[in-house]
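Following: one structure in structure tokens, then a few remarks.
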Amino acid sequence: MIMNGSPLPLDSIRDDFPATQDFIYMDVANQGLISRTTRMSFEDHLNNRLHGINDELSQLAAIEKTRARFARIVGADKDEIAITKNASESINIIANAIDWRAGDSVVLCPQLEHANNILPWLQVKALHDVDLKLVEPDNGAIPVDAIVNALNSRTRVVALSTATMVPGFRTVTQPVAEACRRHGAFLLADGTQSVGILHTDVNRLGVDGLAVSTVKGLMGLYGSGFLYCRREWADQLKPAYLARFSVDLGNAPESAPILNAARLRAGAPRFDIGHYNFPGMIAAHASLGQLLEIGTEAIDKHVTSLATRLASGLLEAGLPVCGGPPGDHTGSIVAIGDMAALGGTQEVAAYIPSLHSYLAENNVVASTRRGLLRFSLHLYNSEEEVGQVIDIVKKWSN
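If you read the sequence shown in our numbering, its first letter stands for residue 156, the second for the next number, and so on.
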């Protein structure tokens, strides 16, 4: 693995993630590991709470530093980032800020989306008489051509993932982004399975919104997340909920009474609701710092190289790797199984739970999703681990 053109000492990185000493952990798509550095980052805040010391003002300043760090990770401006609880809340924020009209439409591919990128659109359909245009996967990938063809003047939102939950292929977003611009539609992406692992530039992706939870690729805690919303869109969207940190009171104190309609904050911070999860944001500040120090381009190259080797080894072992030989679709996730199971109508092949159990017996942490067995990698995984997993699978297959 390379960092800024120089070899990165993977051993020192792994030392900061003690779980790597106990398991071969390939399940970041379910829950990422946190580092010792991140664990210790919120110790002072918890001690302050324990001893009755109010550090609210300093933590509010720290929130803005964390907002800025996430903006750097995705190539955005600070005022294009809202602080949320998770990706689910971020998706709902956008879904409820659109001025829907009967007959509008949303385009998505539900077989490849997490339930939390489906349920908000079902709610929108029920409340606003909106049409859901559902497209089928293209051999396990987000069907770019089908999505583009589904867009028209009534399309308000296209919802997709930058890397799917399973089988985990990278999504080619640029053609969809161009079509959305032509039709005035909002391109909303769930980036939870890619941000922090795969290099992400929102301008290159062309997305208008990006929803991210901190618990996976960002190596943080549950209950915190970020929403990128392109400034041009954010300034014209109206939040469904308002709270103290959604509005601009100038120099007035945080507790000042509000007797008249308040001015919304400029950009995405207008979507901040209520108070913040300080431990979650402190943890995110620490983990984002580690990601920035290493560089997401270097992390992307590292995990893609590992995933390429893993996919090739599993194919050599005679297993049905989703997507076949590694290629442009390969990111940080490798899945095996019959992709026909994605629709939920086909019975899960018996070898999937069998191999999953065998891996667990051999201290390999992976997961099963929608009938597929999924391996998902991050910066703390090594070539040696990939080789060990391939050997374990070959022993099982014999």
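Here a beta-carbon is modelled for each residue, glycine too, at the ideal position from N, C-alpha and C.
Measuring alpha carbon to alpha carbon, tell me which residue in the options is nearest residue i.
i	options	result
ILE248	GLY364, LYS288 and SER167	GLY364
HIS269	ILE168, ALA318 and TYR396	ALA318
VAL362	LEU282, VAL313, TYR377 and SER401	VAL313
SER604	ARG385, PHE225, LEU165 and PRO322	Residue 604 lies beyond the range of the chain shown here (156 to 553); nothing can be said about it.
ALA301	ALA334, ARG325, ILE218 and ILE507	ALA334
GLU538	ASP177, MET181 and ILE218	MET181
ILE297	ASN536, VAL331 and SER552	VAL331
ALA515	ILE179, PRO394, ASN185 and GLN329	ILE179
TYR506	ASP232, VAL548 and LEU532	VAL548
SER555	ILE545, MET374, ILE236 and ALA438	The requested residue 555 is not part of the displayed model; the chain covers only 156 to 553.
LEU404	GLU387, LEU287, ARG425 and ARG194	ARG425
SER555	GLY295, LEU306 and GLY346	The displayed coordinates of the chain run from 156 to 553. Any statement about residue 555 would go beyond what the structure contains.
SER368	ASP546, ALA184, SER167 and ASP171	ALA184
LYS371	LYS220, GLY498 and LEU443	LEU443
ALA366	GLN348, HIS354 and MET374	GLN348
GLY499	PRO480, GLN266, VAL476 and GLN329	GLN266
GLU409	ASP483, LEU215 and VAL303	LEU215
If you reduce the DSSP assignment to three classes, tell me which class residue i lands in.
i	result
ARG420	coil
PHE172	coil
ALA472	coil
SER260	strand
SER442	helix
SER368	strand
PHE225	helix
SER512	helix
THR594	Nothing can be reported for residue 594: it is not among the residues displayed for the chain, which extend from 156 to 553.
GLY380	strand
ALA301	helix
ARG386	helix
ARG336	helix
PHE433	helix
ARG425	helix
GLN543	helix
LEU165	helix
VAL279	helix
LYS393	coil
TYR535	coil
LEU287	strand
ILE157	Residue confidence for ILE157 is low, a pLDDT of 45 falling below 50, so the modelled location carries little weight; the figure read from the coordinates is stated next. Strand at ILE157.
VAL350	strand
ASP177	coil
ALA216	helix
VAL503	coil
ASP455	helix
ASP254	coil
ASN199	Just to set this straight, residue 199 is Asp in the shown sequence, not Asn. Of the three classes helix, strand and coil, the one that applies to ASP199 here is helix, per DSSP.
Just the Cα atoms here: how many angstroms apart are residue i and residue j?
i	j	result
THR523	VAL261	29 Å
SER379	THR239	6 Å
PHE197	ARG256	45 Å
VAL503	LEU343	31 Å
VAL279	VAL285	6 Å
GLU211	PRO434	12 Å
SER227	LEU165	Reading off the sequence, residue 227 comes out as Arg, not Ser. Roughly 24 Å between the two C-alpha positions.
GLY258	LEU376	39 Å
ARG191	ASN432	20 Å
VAL541	ALA242	30 Å
THR485	THR463	7 Å
ARG311	PHE324	25 Å
MET188	LEU414	The sequence as given places Leu at residue 188; Met does not occur at that position. Cα to Cα, LEU188 sits roughly 46 Å from LEU414.
ASP199	ASN271	34 Å
GLY429	TYR396	9 Å
ALA411	TYR513	60 Å
GLN543	GLY230	36 Å
ILE352	ASN536	12 Å
VAL489	ILE246	26 Å
THR221	PRO508	40 Å
ARG529	ILE545	14 Å
LYS550	LEU465	15 Å
GLN104	ALA495	Residue 104 cannot be examined here, being either before or after the span of the chain that is shown, 156 to 553.
ARG385	ASN209	34 Å
PHE381	ASN553	45 Å
Using DSSP bridges, identify the partner residues of residue i.
i	result
PHE530	VAL489
VAL357	Paired residues: none, contrary to the question.
ARG325	ALA318
ALA344	LEU315 and LEU365
ARG524	LEU527
VAL519	ILE179
ILE236	TYR383
ASP293	ALA296
For the pair the stretch 413-425 and the stretch 447-465, tell me if three or more CB-CB distances fall below 8 Å. Per the Cβ contact rule, the stretch 413-425 is not in contact with the stretch 447-465 (fewer than 3 Cβ pairs under 8 Å).
Do three or more CB pairs link the stretch 460-476 to the stretch 441-451 at distances below 8 Å? The way I'd put it, the stretch 460-476 doesn't touch the stretch 441-451; fewer than three beta-carbon pairs between them come closer than 8 Å.
Decide yes or no for the touch test of the stretch 288-297 against the stretch 333-342: beta carbon pairs closer than 8 Å, at least 3 of them. With a cut-off of 8 Å, the stretch 333-342 and the stretch 288-297 do not count as touching, because too few Cβ pairs lie within range.
Does the pairing of the stretch 506-524 with the stretch 350-361 give three or more beta-carbon distances under 8 Å? They do not touch, by the three-pair rule.
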